[in-house]
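Peer 1:
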Ligand code: SF4
Ligand code: SF4
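Residue numbers (UniProt numbering): 1 to 355.
(1) Looking only at C-alpha atoms, which of 227, 10, 215 sits nearest to residue 208?
(2) Here's the rule: buried if 16 or more other CB atoms are within 10 angstroms of the residue's CB, otherwise exposed. What is residue 153?
(3) Taking 7 Å as the cut-off, is the C-beta of residue 112 nearer than that to any heavy atom in ligand 1?
(4) Is it buried or exposed for residue 300, if we count other Cβ within 10 angstroms and need 16 for buried?
(5) Are residue 172 and residue 266 close, meaning C-beta to C-beta below 8 Å?
(6) Figure out for me which residue from 25, 14, 345, 6 has the closest Cα to the Cα of residue 142.
(7) Could you please give the first and the last residue of the uninterrupted beta strand (DSSP E) stretch that includes residue 211?
(8) Please name the residue in 210, 125, 317 whose C-alpha comes closest to that of residue 279.
(9) Express the C-alpha separation of residue 211 and residue 188 in angstroms, rounding to a whole number.
(10) I want to check one thing, is the minimum distance from the CB of residue 209 to the heavy atoms of ligand 2 below 7 Å?
(11) Taking 8 Å as the cut-off, does the stretch 270 to 277 touch the stretch 219 to 234 (at least 3 CB pairs, one atom from each stretch)?
(12) Buried or exposed: where does residue 138 fall if 16 or more other Cβ atoms within 10 Å of its Cβ makes it buried?
(13) Hey, quick one: how far does the beta strand (DSSP E) through residue 198 stretch, first residue to last?
(14) Candidates 284, 180, 28: which alpha carbon is nearest residue 242's?
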């Protein structure tokens, strides 16, 4: 393929141009552009919607569609420059919008979530919509240092790979004790045997927070549980997430570019998301972050790379978040924050806790 640009009226991105280098020999391959279209939050479709999209694409494009590309978009692969605008107008008319491409806020992703998954600790789709709807301009008009991705996972299983791949990852969690149904647990032990339970659950807890008692009940050391989800995934009937639910927010995850892959760093260890004000807070945090990165990021520098370059403390100061000892790179390891000014920050933290 050779370079070129294709866009639709009033949009600066969302289409990946494909002009063939051998268009003269093979005229039918001359133009084969891809349109990125944003899926619904959680990828919930009705068959009517899918048929409608399929019919439009058969009319204006090749009929080839990917659900979904790595970017999270529906990828409509293969159309000519002329038909790009026709297809967009038609699907836009019945409610679809282009996704992001280039240095902009990209199409967000959220997991299937509370409607179908018992592990969910958040309203994934509301978070998804709150963030994306606020940044629609930044999706369609690329004006940032590079790409910025939101991904929302309803629990620490992180089915959206938000930690590894999102500049801002929102992950559901809980802060009280996990719920234990001892009857169900004992049934599981009776069915599988103590040896199986010890080998496959108890000893696989990364923080040794589980104990199998002599009467076959289970004891959970909730203070040391790091929410790895292993035990809850294996015995979902007996173990479930707590009631005091909220989200953890991480910033700076990304795949390899200037520096290697980065996992997101926890910047908000726990935040309730219940009232409209809570949702406004999360949108404000995203705005602060994108504004700060837009001002301070170098060209083609992801947010995580900027954090590495300027230091986490400077980044936190820039977005107005206080340093917190819960901000760690790995549970049970040394803190990820720099230690200069640590004593002052520690005093402030204890003062806040005492309020
Ligand atoms: S991330 Fe958690 S809540 Fe979301 S689909 Fe996966 S297991 Fe369920
Ligand atoms: S969720 Fe993970 S860390 Fe927590 S008790 Fe279960 S296995 Fe251990």
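Built from N, CA and C at the ideal position, the CB exists for glycine as well.
Peer 2: The structure says:
(1) Measuring from the Cα of residue 208, the nearest candidate turns out to be 227.
(2) Sixteen is the threshold: when 16 or more other Cβ atoms of the shown chains lie within 10 Å of the Cβ of residue 153, as they do, the residue is buried.
(3) Distances taken from the Cβ of residue 112 to the heavy atoms of ligand 1 include one shorter than 7 Å.
(4) With fewer than 16 other Cβ atoms inside 10 Å of its own Cβ, residue 300 counts as exposed.
(5) Contact flag unset, no.
(6) Here the closest residue by C-alpha is 14.
(7) Per DSSP, residue 211 belongs to the beta strand (DSSP E) from 210 to 212.
(8) The shortest C-alpha separation from residue 279 is found at 125.
(9) Between the alpha carbons of residue 188 and residue 211 lies a distance of about 15 Å.
(10) Yes, since a heavy atom of ligand 2 falls inside the 7 Å radius drawn around the Cβ of residue 209.
(11) Judged by pairs of C-beta atoms under 8 Å, the stretch 219 to 234 does not touch the stretch 270 to 277, as fewer than three such pairs exist.
(12) Answer is buried; the Cβ neighbour count reaches 16.
(13) From DSSP, residue 198 is part of no beta strand (DSSP E) but of the alpha helix (DSSP H) over 194 to 200.
(14) Here the closest residue by C-alpha is 180.
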